[in-house]
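Chains as they are written, first to last, in our numbering: chain S, 1 to 330; chain A, 331 to 650. We treat Cβ as the ideally placed atom computed from N, Cα and C, and that holds for glycine. Scroll down for the structure; my scribbles are underneath it.
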Amino acid sequence: MQDSKNSSRLKILGLLVPLVTFAAIKLILSALDTPWLDSGRSVLYFCAEVTTLLFMSVALSLNLKCGSFDFSLGAVALLTPYLSLGVFPAADLLTLFVTAVFFGCLLGLISGCTQILTRLSPAFCSLCLCIIYEGLGHICSRGGQTKYALTGKTDDSLLRFFILSTVFLLVFLWFVMKKTVFGYNYRAVSCNEKIARAAGVDTEWNKLFLYIISGGLMGAVGIMLYLREGESVPAALNFSSVRVLFFGLLPLFVGRLISRSSGELSGEVIGSVCIAMIYSALAQLGLSESLRTVICGGGLLLLLIYISNEKRIFKKIHLKSPVQNRLKKI
Amino acid sequence: MAGNKGKRFFCSRALPTAFALSCLLTLCLLRGGMSADYLLSLFSRVLVLSVITVGAVFIFTVGAFGISLGASTLLGLSAGAAVYGATGSIGLAFLTCIGAPTAACLISSMLSTLFDLPAYVTAALMLGLLGSVARVILEAHGGEIYTNLLGNNPFDTVGARLWSFVLYFALCVIIYHVTPVGKRQKALGDDRDMARLTGISRRWYVGIGFLMAGLSVGLGAFLILCSSRSITVSSVFDLGFNIIFAILLGGMSLSGGSKSRLLSSVTGSLSAIFLSEILREIFGYAPTYLGISQGIRGAILLIFMVMLARNDKKGEKNAG
């Protein structure tokens, strides 16, 4: 009874985070006389940011929980719009989304097969694939000469698209993680790969499906970046695509922190909402993209240091950390 | 056993050297001979890349991951150019070029050893962060910092670059092979737990590795600054990729450890520069030349890594 009460209190606490973030940002920007989320266009941009960050953080999270980091995901996100727009240049939103996800899954399949067949460490293999996909992106964009501008899509249709994509992602994740064998195996592997393998889980197939799903998610991110910016994002070279992943790391780790109290999926949603608010507020202040990246990078660094050293920090100030408290209850 | 030892020697030493020589031969054939000026400019580029990659060997030896060295070089370059533009002092520019990347590398080292952050996440984070800090510096100067140092200073000569490389390489050889640093770093790269049990401090030796990498990046940034008219975001456009490419093409073991060699930085730099020129000769006319060049180099890198990884595994299997 006490446990369920505490659990409900923690869930409410988790839900308060975006409200507090919203209130704090609104207060600061009002004090600086800067409007924020006051027009349909800015709300659309905010929804686009939330959806993009959510897709990105889920893709990164799936990989990180299995102990690997896929450097090629950023390059997949930048390549898939050129592939899908090259095939269907004037398609409707659903067709663009489906083809981008398809191409993302295909690139993910290639990444997975390469890693399994070569037996290289996932990080080094993904680094080589990142280089190759970036090169392909540059070729598909004809050295930056090909640009696709977004035309014929109303703000209402774009808003509906972003909201429906978010709902689709949440339903898809719930179904895959809770109702499929892959989800069961994935949870086993993310706890301990060696024990999962010893228990009979086919880790190779699991890895392959993981790459396909992550690739599909980043394919969707690519098309969302195109819809958000109103034109195709320039293809990157020389590891510049890794910067795309950079923006997904902050909501990922904020989501992880929040998910301790509110559950995994809702933690990632809340994390994405909070970070999207912060990103849009910084953009509203007129800060350049580089300066925003530096601020968010600094914030991410501090957050990572806190998450990795939570017990040590609380020990030093003679307090029990929330993690230890939960462990004690178990 | 002797056959396997021969295969390991082939993969780690003979193959990279043969690859570099065959790239040089191919380049000569494609160009129908090479003029002295062209050879000197190639040699100059090889020297700058070798200066940077020789320090990167220290990072890879301890099993760490250094993909943010290109961003560190851009940071050193932009900070050094900003200081030179403000003061006109090449000495201060030199200190800034050395100081900024060294500080960045030491922060990376602290993040992985002191704060126990996951290595790959830290690498991606530092790549984004350092590149953005460099962009902020450049944006504060309107996107471009004019230095006009090309041909106007004593460090913009092949001789100066050669001496910089020779002296720095000699320092690295002393640290790596004469002092216990190299041996202990190799032990850390081979087996971290065993190294800890024998009393080798991971923090200290990983810190030294990143310090050496920072110094080499700083020195490389200074040499690039001295031969520049202006510094922009695209000044060291493909350096980050070339560093990884050179390290791995030089036969450096993926896992680091006892198979690591300083000379792999030199052979790898030769291969990287020659291959880059070969691809420019073949595809340079195409608007997508950069993409094609990168794609092909990525595929070559993947093949090399598979061969090196198989070589490492066979060695471990036979040793076991």
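Spanning the alpha carbons of A:Ile389 and A:Gly586 requires a straight line of approximately 9 angstroms. At a cut-off of 8 angstroms between C-beta atoms, A:Ala454 counts as an interface residue with respect to chain S. Below 8 angstroms, enough C-beta pairs join the segment 227-245 of chain S and the segment 63-81 of chain S to call them touching: three or more. Out of S:Gln284, S:Leu225, S:Ile258, the CA that lies nearest to the CA of S:Phe162 is found in S:Leu225. For S:Gln115, the enclosing alpha helix (DSSP H) stretches over residues 93-118. If only uninterrupted alpha helix (DSSP H) runs of at least 4 residues are considered, those enclosed by the segment 147-213 of chain S are 155-179, 181-191, 193-198. Among the CB atoms of chain S, one or more fall inside 8 angstroms of the CB of A:Gly625.
Taking a cut-off of 8 angstroms for Cβ pairs, the segment 612-623 of chain A and the segment 138-145 of chain S touch, as three or more such pairs fall below it. For A:Val511, no Cβ of chain S is located within less than 8 angstroms of the residue's own Cβ. Using a CB distance cut-off of 8 angstroms, A:Phe395 counts as an interface residue toward chain S. In terms of beta-carbon proximity, S:Glu134 lines the interface with chain A, with at least one pair separated by less than 8 angstroms.
Interface annotation for the segment 222-251 of chain S against chain A: Leu237, Asn238, Phe239, Val242, Arg243, Leu245, Phe246, Leu249, criterion Cβ-Cβ distance under 7 angstroms.
Taking 8 angstroms as the Cβ-Cβ cut-off, the segment 626-641 of chain A approaches chain S at Ile626, Arg627, Gly628, Ala629, Leu631, Leu632, Met635, Val636, Ala639, given in chain order. Excluding sequence positions up to five before and after S:Leu62, its CB lies within less than 7 angstroms of the CB of Leu210, Ile213, Ser214, all in the same chain and listed in chain order. Counted as a single uninterrupted DSSP element, the alpha helix (DSSP H) harbouring A:Phe540 occupies residues 532-556. Following the DSSP letters along the chain, one finds S:Asn63 inside the alpha helix (DSSP H) bounded by residues 40-65. With its beta carbon at least 8 angstroms from every one in chain S, A:Arg533 lies outside the interface. Spatial neighbours of S:Thr21 in its own chain (CB-CB distance under 6 angstroms, excluding positions within 5 residues in sequence) are listed in chain order as Cys274, Met277.
Within the same chain, no Cβ atom closer than 8 angstroms to the Cβ of A:Gly418 is found once the five residues on either side in sequence are excluded.
No Cβ of chain S is located within less than 8 angstroms of the beta carbon of A:Arg522. With respect to A:Val384, A:Phe499 sits close: the two C-beta atoms are nearer than 8 angstroms. From the listed residues A:Arg533, A:Asp367, A:Ser374, A:Gly539, the smallest Cα separation to A:Leu399 is found for A:Gly539. Looking only at A:Thr426, A:Leu480, A:Ile382, the smallest Cα-Cα distance to A:Val496 is reached by A:Ile382. Below the 8 angstroms Cβ cutoff, chain S contributes Arg142, Gly143, Gln145 as neighbours of A:Pro617, in chain order. Nearest to S:Thr293 by alpha-carbon distance, out of S:Val244, S:Phe253, S:Glu268, is S:Val244.
Taken atom to atom, the span from the alpha-carbon of S:Leu217 to that of S:Met56 is near 7 angstroms. A contact between stretches requires three or more CB pairs, one per stretch, nearer than 8 angstroms, and the segment 170-179 of chain S fails this requirement with the segment 106-124 of chain S. Using a CB distance below 7 angstroms, the part of the segment 290-307 of chain S facing chain A consists of Ser290, Leu291, Thr293, Val294, Gly297, Leu300, Leu301, Leu304, Ile305, ordered along the chain.
Chain S places no beta carbon closer than 8 angstroms to that of A:Gly519, leaving this residue out of the contacts. At least one C-beta of chain S is nearer than 8 angstroms to the C-beta of A:Asp568.
Secondary structure at A:Ser462: helix, using DSSP grouped into helix, strand and coil. Contact between S:Leu54 and S:Glu268 holds: their C-beta atoms lie close to 6 angstroms from each other, under 8 angstroms. Sequence-ordered contacts of the segment 460-472 of chain A with chain S read Gly461, Ser462, Val463, Arg465, Val466, Glu469 [C-beta pairs closer than 8 angstroms]. Around A:Phe445, the beta-carbon contacts reaching into chain S at under 7 angstroms are Ile305, Ser308, Asn309. At a beta-carbon threshold of 7 angstroms, the residues of chain A lying near S:Cys128 are Gly628, Leu631, Leu632, Met635, ordered along the chain. The alpha-carbon separation between A:Thr562 and A:Ala464 amounts to approximately 10 angstroms.
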